Each structure stands twice: as C-alpha cells, then as structure tokens.
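S.K.: Heads up: the sequence shown begins at 279 in the numbering used here, then just goes up one per residue. Sharing a structure with you now.
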Amino acid sequence: MSVQEQEQQEQIEQVDDQFNGLPMPVFTAFGWAGEEAAIQFSLSKLRLFLDTLVESMSDKAKFRFPFHGVDEDARIPWLAVNRDPEVEPYIAFVAKPRAFEMRISITDPAALNRGLRAAEKNPEAWHKMISSLGMGWQLQIEQRLKEEDAVTHSHYGDLLKENIPNISAADLKKATSRAAFLITEEKWSTPVFVSRVMTADQAAGMGRDLVKYMVVQLDKVFDIVDLFSRATGGKTTTSKKKTTTTRKKRTGRLPKEPEIPQPQTFSYTTELKGLHIRKGFVNLTPGHWPFFAEGKRMETRPITISFAGKSDDTSAVWRLQPDDQARLVLGEPAHAWLAATFSANSHITVNALRTPDDKIEVVLSPAGE
C-alpha cells in the first residue's frame, strides 16, 4: 500500500458527527482501500454534508426545498421541491473523481412545459436570469427520445450545452423555443440542467467552508427554481412541528431585472514561457484582475495556491501596469513544483475560487488533467 493509500485509509477510519469538509477519498471512493469501506465512508461524509447544509440554508432556501435525502446507489445527496425528487426542480450534489458538481435538474414534463413556456414569452428576462449566475456555471437543454416503453429516455442530442458567460441571447432564445415545441410532442423530452462545477481539489480544500459556499450558491438559483415550480399555497414537509406561517404562491413569472452577482470562480489555461518557470509566475489577463481586487488602489493580494495535493500560503497576485494585467507570483513551494512539473511552451490551468469569507484560493494543474 502506497503512502497516499495509507493516508486515505486513515481518513476512512476517522468518521465523526461534525462536518469538517469533504476529503479527497470522497471523490475517489472506488479502486482502493476495499470498495465497500470506501463507499460507506463516502456516504457518511455526503450525509453529513447534506445535513449541515440543510441546517445552514437561508429561510428562503428551506421554503423552496423542504425535502432532502441521499441516493445511496448513486451516492448523490439531493434537495427537492417535491417529496418525489424528480417531480418539479431538484438539486443534486455530485462527487466525481476530479470534480464536485451542484446540479439543478428539471426533468418533469409538467414543470418543463410550465417553465419553458414562460421563458419563451420573455426571452430577454430569461437570458438575464441565466446570465446573472456568472462564471463557473453551465446550462444544458437536452433532447431525449422516449422509447416505446414510455419509461426509458435515451439521449438524442443537446439543444444547448455551454458555459453560461458564452451563451448569447439569440442562441438561448432559439434553444428555448425549440425545447418548448418538442416538449409538446409525445416522443420527445427536453430536460434542463443548470450546473456549478468546481474541481475536487477546490471542494476538498475548502473544508467546512464548503457548506457556507453552497449556501451562497443556493440563493442564486431561486429565480430559476421558481420559474419551473408549480404555484402552490404551501408545502407539506416532513417536520413534525406545527406552523402558522402563510406561504406566498410562487409562479413561473420571470423577474424584470435580476441582480447580476460578481463571479465567484474562473478557470483559465495559459502557456508557460521559460522565463515564467524560472522566475515563478503565471500571467493571467486584465479581465481577471477585478476578480482579485478588493479596492481600486490595490496592487497586490495574498492568496493560497494549491498544487499536487499541497498548498502554499506565501503566494500573491499582482496588478501590472499599465493595463491592469493580473499575475500570480508563486511562493517558494509552488515555484519549486512549477519548475519540476513544466517545461517551456507547456500549458497550465488556473482554477480560482473566492470563498464566502472573501479569501482567494487558486488551484494549479497541468492542462488537461
């Protein structure tokens, strides 16, 4: 057993009742340390993550998602509008070997018909609603073929699948209109998925702050959830406590002017020159500097850089004049890794994340990994 496998095995054996984050074994739960032990460890951590998230959610989120659970076969925690998760919108948290995904899914025909019709009637507001999510989010409008048994749906193609900042109003309008038409045809289904993806390293590195971060992300998707949800005067929850709260009806209407939040993450791939490797820096673009800036006069900012399972708190980001280009200036540990890992003209991927407490975390990795 390698040193890494021994460390992962020790983490498996240390299961407690307090959420301290999702360690890497949650994302790599198969193929080592005994499959069953790995699965049970992963499930225990995911349950704890979900329970802590439910307790920490805003009142508005609790109102919209009164039901939650864990699909143990798929190892996926979920929040749902309805007791049956696949009726009306639901949110799944998917741990993969290299990624952690928050996925809003709308697969129910009635919910799709309701939301797509409303979006088709007001394409400008629909585009603003989607665009307000910003960087790090993806929209997929899938086309599925219903098989003869009327139960099995097979993937036929994507009407639209793109990172949200790259979606034009015209492309979204076209895909939405097509989906709204197809959903009325007996043989087609057009499910909608809105996803927020971060790397497994980012999710694991956030520790207990992962819950705080997801609470913020949940509050961003209320308009989308409301668009596809059935208007009701209230919901029956699993709580045994009585309540006299009168819940307002939620409709499929689009807001006039959705607020556009600042991006919380970005991913960028760039080429390294020999000078960059020798001096220990990675150049970004002028467009990246506002992500790091805390004020107009800021010139540098300390950041945490993660690489190959390690972290370096001695790194910083600089603003270069005259065009405000952002540059990552690596501390000694990160610089040593850069020099040992890359050669001139190779490519590096930068995944940056702003945590809820406004700290900057950057994950560096070879492009394509």
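Quick reminder that beta carbons are idealized off the backbone N, C-alpha and C, glycines included. None of the values given here were measured: they were computed from a predicted structure.
From which residue to which residue does the alpha helix (DSSP H) around N391 run?
M.R.: Here residue 391 refers to the residue found at position 113 of the sequence shown. That run of the alpha helix (DSSP H) goes P387 to K399.
S.K.: How would you write the range of the beta strand (DSSP E) that S383 sits in, first residue to last?
M.R.: Your numbering for residue 383 matches position 105 in the sequence shown. S383 -> beta strand (DSSP E) spans A377 to I384.
S.K.: In the DSSP assignment, find the unbroken alpha helix (DSSP H) run with H566 in it and report its ends.
M.R.: Taking the sequence shown and counting its residues from 1, one reaches residue 566 at position 288. No alpha helix (DSSP H) holds H566; DSSP gives it neither H nor E.
S.K.: Between the C-alpha atoms of I384 and E420, what's the straight-line distance to the nearest angstrom?
M.R.: Numbered from its first residue, the sequence shown carries residue 384 at position 106. Numbered from its first residue, the sequence shown carries residue 420 at position 142. Using only the alpha carbons, I get a separation of about 11 Å.
S.K.: Could you give the distance in angstroms between the alpha-carbon of R456 and the alpha-carbon of F471?
M.R.: Start at 1 with the first residue of the sequence shown, and residue 456 comes out as number 178. Start at 1 with the first residue of the sequence shown, and residue 471 comes out as number 193. The alpha-carbon atoms of R456 and F471 are separated by roughly 16 Å.
S.K.: Which residues does DSSP pair with W356 in a beta bridge?
M.R.: Mapped onto the sequence shown, residue 356 falls at position 78. DSSP output for W356 lists G347 and A370 as bridge partner(s).
S.K.: With 16 as the cutoff for other CB atoms within 10 Å, does E463 come out buried or exposed?
M.R.: Counted from its first residue, the sequence shown places residue 463 at position 185. That one is exposed.
S.K.: Kindly indicate if chain C contains any beta-carbon less than 8 Å away from that of H405.
M.R.: No chain C is part of this structure, which consists of one protein chain only.
S.K.: Considering A478, what are the terminal residues of the alpha helix (DSSP H) in which it resides?
M.R.: Locating residue 478 in the sequence shown gives position 200, counting from the first residue. That run of the alpha helix (DSSP H) goes A478 to G483.
S.K.: Here's a check: name, in chain order, each residue in its chain whose Cβ is nearer than 7 Å to the Cβ of E285, leaving out the five neighbours to either side.
M.R.: Position 7 of the sequence shown, counted from the first residue, corresponds to residue 285. Only weak support exists for where E285 lies, its pLDDT of 49 falling under 50; the coordinates are left without a value.
S.K.: Nearest-angstrom Cα distance between R353 and M302?
M.R.: The residue you call residue 353 lines up with position 75 of the sequence shown. The residue you call residue 302 lines up with position 24 of the sequence shown. Looking at the two C-alpha atoms, the distance is approximately 15 Å.
S.K.: Specify the secondary structure class of F500 as computed by DSSP and reduced to three states.
M.R.: The sequence position of residue 500 within the sequence shown is 222, counting from 1. DSSP places F500 in helix when its eight states are reduced to three.
S.K.: Rounded to the nearest angstrom, what separates E220 and A618 at their Cα positions?
M.R.: Because the chain here runs from 279 to 647, residue 220 falls outside it and cannot be looked at.
S.K.: Give the C-beta separation of R597 and E572 to the nearest angstrom, bearing in mind that I take them to be a contact with Cβ-Cβ under 8 Å.
M.R.: Locating residue 597 in the sequence shown gives position 319, counting from the first residue. Locating residue 572 in the sequence shown gives position 294, counting from the first residue. At roughly 11 Å, the Cβ-Cβ gap does not stay under 8 Å, so R597 and E572 are not in contact.
S.K.: Please go through the same chain and pick out, in chain order, the residues whose beta-carbon is closer than 8 Å to the beta-carbon of L394, but skip the five residues on each side of it.
M.R.: The count along the sequence shown starts at 1 and reaches residue 394 at position 116. Answer for L394: T454, A457, A458, I461, T468 and V470, listed in chain order.
S.K.: Tell me which residues share the same chain as S593 and place their Cβ nearer than 8 Å to its Cβ, disregarding the 5 neighbours each side in the sequence.
M.R.: Looking up residue 593 in the sequence shown gives position 315. If we look at S593 and ignore the five residues flanking it on each side, its Cβ neighbours are P580, I581, T582, I583, L606, V607, L608, G609, A612 and V640.
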